[in-house]
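Here the structure is laid out as C-alpha cells; the discussion comes afterwards.
Chains as they are written, first to last, in this note's numbering: chain A, 66 to 215; chain B, 381 to 604.
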C-alpha cells in the first residue's frame, strides 16, 4: 500500500460522481455556446429570449477569447477533478473546491451583468449558473463531511 | 489494481475526445442549406404596399427579410446582406419587412417607426435610415430616450425633421408596420431576422446558409 493509495480506494465517492455528471451538463452547454459564438450570429432574436443580446454583448468575450470557451475549459477541469475525487485520489478535493468556488463567483458576476448592465437573460447562461450552483452545493457538502481524505 | 488506478484517466480522456468531436460536429453542421425549405403561397397577406425594395425590382431572385432594428442578430446579418446586394447587383432584389419584437427590445417599435417615417419622404430615405439604425444600433439601443438620436439621423440623411416627427406617430407608419407584421405572422415568423428567398424560408439559420440559399437561387435563375 503506497502513500497515495488510500485504504478504501475500492469505494467510489458518489457525491463526486454527481458533481462529474453536473459538470458534463455544464460542459455540453458551454461547448454549444462556444460553437454559436464561433459560427457567427446564429441565435435568433425572439420575444422570449435575450440570448442574442447577451451573447453579442462585449462581455461575451475576454481578450477575444469567447467566455463560453473559458467556461468549457473550466467545466472540463471540474469534471476531471471530480472523477479523480470520486476515485479517492488525494489532494484533489481542495483543488476542486477552489475551482468551483471561483466559478461560482464568476457566475454571480455574470448574473449581475445580465440583470443590471445588459438587461437581458440568456437561458443557456442561466442553465450554466444553475449547474455551477449545484456544483457548489454538492462539492461543498462533500467537503465538510468528516472522515474523508482531502 | 493498475487498471483501477488508470480508470479515472481513461474516463477523463474519453470525455475529452467526445467533447472535441461533438464540438467539431456542431461547428461543421450549420454550413449546409436545409433542403426542406418551405415555399410560401400567394394567399399570404402581402404586407405593406409598396414594399421597401433595394436592388433591381425586376430581379428573378427576391430576398425578403423580416427584421427588427434593435435585434443584435439582425445587426450582425446586415453587413452580410449588403455584401450580397453588391455582389449580385441587378440579379437580386431585397425587401425589408418590419417585425419589431417588443418585448424584449424596448426601442424596436420606435426604430421601425423612424424607418417608416423616413420612407414616407422617399424610398431611398427608408434605406438610408435603415442603414443608420443598424450601423448605430449599439449607440441607441441602451439609451432611455431614442428620439434625439433618431432626429439626428433624420437630419444627417436630409429629411424634413418636422414632417419626420409628425409621421413618426402617424397612422400611415402604424399601418405599414401592422401590415408587415400580419404578413410575418401568416408566414410563421417568430423571430428575427427571418429570411425568405423566392418564397422559401431559410430554416438552417446561419450567415453561410443564407449565402448558399441566395447563391443557389441566383444560379438557378441564370440557368433558366
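Where a beta carbon is used, it is the ideal one built from N, C-alpha and C, also for glycine. Note that the structure is a prediction, hence the values are computed from the model and not measured.
- Of all residues in the region 549-583 of chain B, those with a C-beta nearer than 9 Å to a C-beta of chain A are 570, 571, 572, 573, 574, reading in chain order.
- In the DSSP annotation of this structure, the continuous segment of the alpha helix (DSSP H) that includes residue 462 of chain B starts and ends at 452-468.
- Interface annotation, residue 407 of chain B: in contact with chain A, CB-CB separation under 8 Å.
- Across the set A:103, A:206, A:171, A:183, the C-alpha of A:171 shows the shortest separation from the C-alpha of residue 193 of chain A.
- Separation of the CB atoms of residue 507 of chain B and residue 432 of chain B is rounded to 7 Å, and the pair is thereby assigned contact status at 8 Å.
- If you look at residue 443 of chain B, you'll find it in the beta strand (DSSP E) that goes 441-447.
- DSSP, reduced to helix, strand and coil, places residue 155 of chain A outside both helices and strands of the structure shown, so it counts as coil.
- A distance of 8 Å or more separates the beta carbons of residue 477 of chain B and residue 515 of chain B.
- Nearest neighbour of residue 184 of chain A by Cα position, chosen from A:136, A:154, A:116, A:168, turns out to be A:116.
- Between residue 598 of chain B and residue 513 of chain B, the C-beta gap is not smaller than 8 Å, which leaves the two residues out of contact.
- What residue 81 of chain A touches in chain B, judged by beta-carbon distance under 9 Å, is nothing: the nearest beta carbon there is about 10 Å away.
- The continuous stretches of alpha helix (DSSP H) do not include residue 123 of chain A, and DSSP gives it neither H nor E.
- What residue 187 of chain A touches in chain B, judged by beta-carbon distance under 9 Å, is nothing: the nearest beta carbon there is about 11 Å away.
- For the region 431-463 of chain B, the set of positions with a beta-carbon nearer than 9 Å to some beta-carbon of chain A reads 448, 450, 451, 452, 453, 454, 455, 456, 457, 460 in chain order.
- Contact between residue 451 of chain B and residue 572 of chain B is confirmed by a C-beta separation of about 5 Å, below the 8 Å threshold.
- Residue 169 of chain A and residue 588 of chain B have their alpha carbons spaced roughly 36 Å apart.
- Taking C-beta atoms as the reference points, residue 517 of chain B and residue 457 of chain B fail to come closer than 8 Å.
- Apart from the 5 residues on each side of it in sequence, residue 500 of chain B sits with its Cβ closer than 6 Å to the Cβ of 547 in its chain, given in chain order.
- For residue 489 of chain B, the secondary structure class from DSSP, reduced to helix, strand or coil, is helix.
- For residue 551 of chain B, the three-state secondary structure derived from DSSP is helix.
- Residue 574 of chain B is bridged by DSSP to B:446.
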